[in-house]
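*Asks:*
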Ligand code: NI
């Protein structure tokens with residue numbers, strides 16, 4: 582496994598529309614790529630990563646929300662404070678297709694590993710249906726809500742060459758890009 586370089590805005594590759602993973606590409610190379618994507622995402626750290634963010638224009642996403650496990654025994658940190666351990670739930674979506682299932686929108690503050698230190702509220706459909714393939718090429722269909730629905734819509738956007746600030750007003754987007762340039766210069 583290896584940590585790969587995450588490409589950042591304004592890298593033009595982030596505007597590419599990613600290509601489907603072909604039937605003959607469900608092989609060990611694909612599994613290795615997914616392992617690298619997880620390692621890269623956890624190290625960043627982040628909760629989702631699209632293949633194009635490591636410069637591979639394929640319709641492939643990994644997600645692990647890494648939410649606190651409220652059912653587990655709390656653990657003590659170095660300051661002696663107790664908190665629930667993180668529950669890992671690594672998910673792989675190959676050739677995902679999403680369909681919004683509701684008019685209801687939800688708003689989450691989003692960030693992106695390709696836009697470090699930039700955060701903004703984005704409105705998206707509150708739930709969606711995702712059809713996707715697993716690493717063996719088997720098809721699945723799943724109903725997603727909450728943070729998972731938002732996260733997969735954010736990652737799906739990457740496959741279409743869209744980043745989350747593209748959902749903001751031009752004024753707000755330009756503010757974010759200016760902030761990004763300032764952070765880089767610092
Ligand atoms: Ni992103």
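Numbering (my numbering), first residue to last: 582 to 767. The beta carbon of each residue, even a glycine, is placed where N, CA and C say it ideally should be.
How should residue 656 be labelled, buried or exposed, when 16 other C-beta atoms within 10 angstroms of its C-beta is the threshold for buried?
*Replies:* As a first step, residue 656 must be located in the chain shown, where it is residue number 75. Its Cβ having fewer than 16 others within 10 Å, residue 656 is exposed.
*Asks:* By Cβ distance below 7 Å, which residues in the same chain neighbour residue 722 in space, the five residues on each side in sequence not counted?
*Replies:* Walking along the chain shown from the start, residue 722 turns up at place 141. Correct list, in chain order: 710, 712.
*Asks:* So residue 627 and residue 694 are in contact, right, with Cβ under 8 Å, and what is the actual spacing, rounded?
*Replies:* Within the chain shown, residue 627 is the residue found at index 46, counting from 1. Within the chain shown, residue 694 is the residue found at index 113, counting from 1. So it is a contact: roughly 5 Å between Cβ atoms.
*Asks:* Suppose you measure from the CA of residue 650 to the CA of residue 620; what does that come to, to the nearest Å?
*Replies:* Taking the first residue of the chain shown as 1, we reach residue 650 at position 69. Taking the first residue of the chain shown as 1, we reach residue 620 at position 39. About 21 Å.
*Asks:* Relative to the C-alpha of residue 608, which candidate in 739, 733, 719, 764 has its C-alpha closest?
*Replies:* On the chain shown, position 27 is the one that residue 608 refers to. Nearest of 739, 733, 719, 764 to residue 608, Cα basis: 719.
*Asks:* Going by other Cβ atoms of all chains shown within 10 Å of its Cβ, with 16 needed for buried, is residue 764 buried or exposed?
*Replies:* In the chain shown, counting from the first residue as 1, residue 764 sits at position 183. Its Cβ having fewer than 16 others within 10 Å, residue 764 is exposed.
*Asks:* Based on Cα-Cα distance, which residue from 707, 673, 599, 618 lies nearest to residue 738?
*Replies:* Position 157 of the chain shown, counted from the first residue, corresponds to residue 738. Among 707, 673, 599, 618, the Cα nearest to that of residue 738 belongs to 599.
*Asks:* Go through its chain and collect everything with a Cβ distance to residue 686's Cβ below 7 Å, but skip five positions before and after it.
*Replies:* Here residue 686 refers to the residue found at position 105 of the chain shown. The answer, listed in chain order, is 704, 705, 706, 707.
*Asks:* Kindly examine the ligand NI and report whether one of its heavy atoms sits closer than 7 Å to the Cβ of residue 642.
*Replies:* The residue labelled residue 642 in the question sits at position 61 within the chain shown. Not under cutoff, so the answer is no.
*Asks:* Go through its chain and collect everything with a Cβ distance to residue 612's Cβ below 8 Å, but skip five positions before and after it.
*Replies:* Residue 612 sits at position 31 when you count from the first residue of the chain shown. Here the set comprises 716.
*Asks:* Could you say if the region 625-643 and the region 659-666 meet the contact criterion of at least three C-beta pairs nearer than 8 Å?
*Replies:* These segments do not touch.
*Asks:* For my contact list, residue 647 and residue 587 are in at a C-beta cut-off of 8 Å; report their separation, rounded to the angstrom.
*Replies:* Taking the chain shown and counting its residues from 1, the one referred to as residue 647 is at position 66. Taking the chain shown and counting its residues from 1, the one referred to as residue 587 is at position 6. The Cβ separation is near 17 Å, so there is no contact.
*Asks:* In terms of DSSP beta bridges, what is residue 722 paired with?
*Replies:* Counting from one through the chain shown, the residue named residue 722 turns up at place 141. Paired residues: 712.
*Asks:* Measuring only the C-alpha atoms, how far is residue 679 from residue 652?
*Replies:* Working through the chain shown from its first residue, we reach residue 679 at position 98. Working through the chain shown from its first residue, we reach residue 652 at position 71. Spanning the two alpha carbons is a distance of roughly 30 Å.
*Asks:* Taking Cβ to Cβ, would you say residue 759 is nearer than 8 Å to residue 699?
*Replies:* As a first step, residue 759 is located in the chain shown; it is residue number 178 there, counting from the start. As a first step, residue 699 is located in the chain shown; it is residue number 118 there, counting from the start. Result no, Cβ atoms of residue 759 and residue 699 do not sit closer than 8 Å.
*Asks:* Could you give the DSSP three-state label for residue 624: helix, strand or coil?
*Replies:* On the chain shown, position 43 is the one that residue 624 refers to. Helix.
*Asks:* Quick check on residue 639: buried or exposed, where buried means 16 or more other Cβ atoms within 10 Å of its Cβ?
*Replies:* What you label residue 639 is simply residue 58 of the chain shown in a count that begins at 1. Residue 639 is buried by the Cβ-count criterion.
*Asks:* Is the beta carbon of residue 597 sitting closer than 8 Å to the one on residue 742?
*Replies:* Within the chain shown, the letter at position 16 stands for residue 597. Within the chain shown, the letter at position 161 stands for residue 742. Contact: yes.
*Asks:* At a threshold of 7 Å, does residue 693 count as lining the ligand NI (C-beta to nearest heavy atom)?
*Replies:* For the purposes of this step, residue 693 is identified with residue 112 of the chain shown, where counting begins at 1. Within the cutoff, so yes.
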